[in-house]
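Chemist: So that you can map any letter, position 80 of the sequence shown is 442 in my numbering, and since no number is skipped, the others follow by simple counting. Beta carbons are placed, not taken as given, at the ideal position from N, Cα and C, and that holds for glycine. Small disclaimer: the values here were computed from a predicted structure and weren't measured. Here it is, the structure, as structure tokens.
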Amino acid sequence: MDFESSNFIAATRTALNQLTALAVHYSLSVIGAIILLIVGWMLARLLSRWLYEAVSRFDGVDLTLAQFFANVLRYGIMTLVFVTVLGQFGVQTTSIVAALGAAGLAIGLALQGTLQNIAAGIMLLVLRPLRVGEYIVTPAVNGTVMEVGLFATELKTAEGLYLLAPNSILWNVPITNHSRRPQRLQELTIAVANDTDLDLVKRLLLGVVERDERVEKSPAPRVFSDDLAADKTTLKVAYWAKTAVWTEARRDLIDRMRNTLIGQGIVLK
């Protein structure tokens with residue numbers, strides 16, 4: 363009985379010592395994991411904020427793009443910290459990294475179209491072929507840009523309609539930006555009878571254009587013959603105007619030139 367009691371006491375002490383060692387080991391691991399998570403979270407937040415501010419300082423870089431890069435860095439650091447914490451508890455992180463890679467590949471294949479829009483959005487935000495407030499024309503969509511996002515671009519059509527265009531259809535096609543350049547050329551076509559005094563018509567048209575303050579003085583406006591048919595002569599009125607008033611100037615000048623010619627008894631064809 364005394365022998366069995368001694369063995370029981372010895373086994374109990376051994377078990378208690380092992381439990382104490384395990385408790386100390388895992389308590390240190392838990393404390394270390396907590397410290398690592400706190401430090402990693404603070405580091406991720408600090409570096410992401412630093413990257414956001416650094417990218418935002420570059421001229422022409424959209425804040426949406428800066429925030430995207432900052433979030434990618436932040437979540438990337440937190441993922442590394444999480445895998446390191448699991449390694450503290452003896453978990454084989456190699457298999458976890460492989461699983462994360464496989465999951466990322468599967469998600470990438472499933473979201474191929476979405477990722478294509480994100481990639482196109484990044485290129486649009488970096489190269490800036492279009493900006494908010496500019497009017498663009500593409501083979502697929504036309505309208506004034508309201509917002510450029512990572513997934514899609516919001517536009518307002520000439521009819522005032524709301525249009526949401528995926529970034530992929532804006533990046534892979536030619537874009538004509540009607541608002542980017544400060545000046546635009548306008549060419550108006552006017553046809554008159556062949557027996558009309560062309561010198562008089564040219565002087566009248568040139569006078570109307572030159573008196574308009576919205577028309578640029580350099581390059582100077584021009585009026586020239588563009589085509590000759592059996593029953594009419596086609597004239598071209600070419601002038602440059604500021605892009606902001608280009609449409610308004612065109613409409614006004616058409617009316618003024620028409621009224622001026624009719625007032626002089628010139629018949630338009």
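In three-state terms, what does DSSP make of Thr558?
Modeler: coil
Chemist: Relative to the C-alpha of Pro696, which residue among Gln548, Glu521, Asn504, Pro544 is closest?
Modeler: Because residue 696 is not part of the residues shown, which for the chain are 363 to 631, the question remains open.
Chemist: Count the CB pairs spanning the segment 506 to 523 and the segment 482 to 494 that are closer than 8 angstroms, and state whether there are at least three.
Modeler: yes
Chemist: Thinking just about the alpha-carbon of each residue, which of Val607, Leu615, Phe586 is nearest to the one in Arg573?
Modeler: Leu615
Chemist: Using DSSP bridges, identify the partner residues of Arg584.
Modeler: Per DSSP, Ala600.
Chemist: Exposed or buried, which one is Met363 when buried takes at least 16 other CB atoms within 10 Å?
Modeler: The pLDDT assigned to Met363 is 47, lower than 50, so where the model puts this residue is not dependable; a value taken from the coordinates is nonetheless given after this. Exposed: under 16 other Cβ atoms inside 10 Å.
Chemist: How about Arg543 and Thr605: do their beta carbons lie closer than 8 angstroms?
Modeler: yes
Chemist: Three or more C-beta pairs closer than 8 angstroms, one from the segment 425 to 444 and one from the segment 398 to 406: is that the case here?
Modeler: Touching, yes.
Chemist: Roughly how many angstroms lie between the CA atoms of Leu547 and Phe431, to the nearest whole one?
Modeler: 40 angstroms
Chemist: Assuming Glu549 and Lys579 make a contact with CB atoms under 8 angstroms, what is their CB distance in whole Å?
Modeler: So it is not a contact: roughly 18 angstroms between Cβ atoms.
Chemist: Should the segment 557 to 575 be called in touch with the segment 513 to 521, which here means at least 3 C-beta pairs below 8 angstroms?
Modeler: no
Chemist: At the level of alpha carbons, what is the spacing between Val571 and Phe586?
Modeler: Val571 and Phe586: Cα-Cα distance of roughly 13 angstroms.
Chemist: Count the other C-beta atoms from every protein chain shown that fall within 10 angstroms of the C-beta of Ala592, then say buried if there are 16 or more, exposed otherwise.
Modeler: exposed
Chemist: Thr538 by DSSP, collapsed to three states: which one?
Modeler: strand
Chemist: What's the call for Thr595, buried or exposed, on a 16-neighbour Cβ count within 10 Å?
Modeler: buried
Chemist: Using 8 angstroms as the threshold, is the C-beta distance between Arg620 and Ala603 below it?
Modeler: no
Chemist: Could you check what DSSP says for Met363 in three-state terms: helix, strand or coil?
Modeler: Here Met363 scores only 47 on pLDDT, less than 50, and its place in the model is too uncertain to base an answer on.
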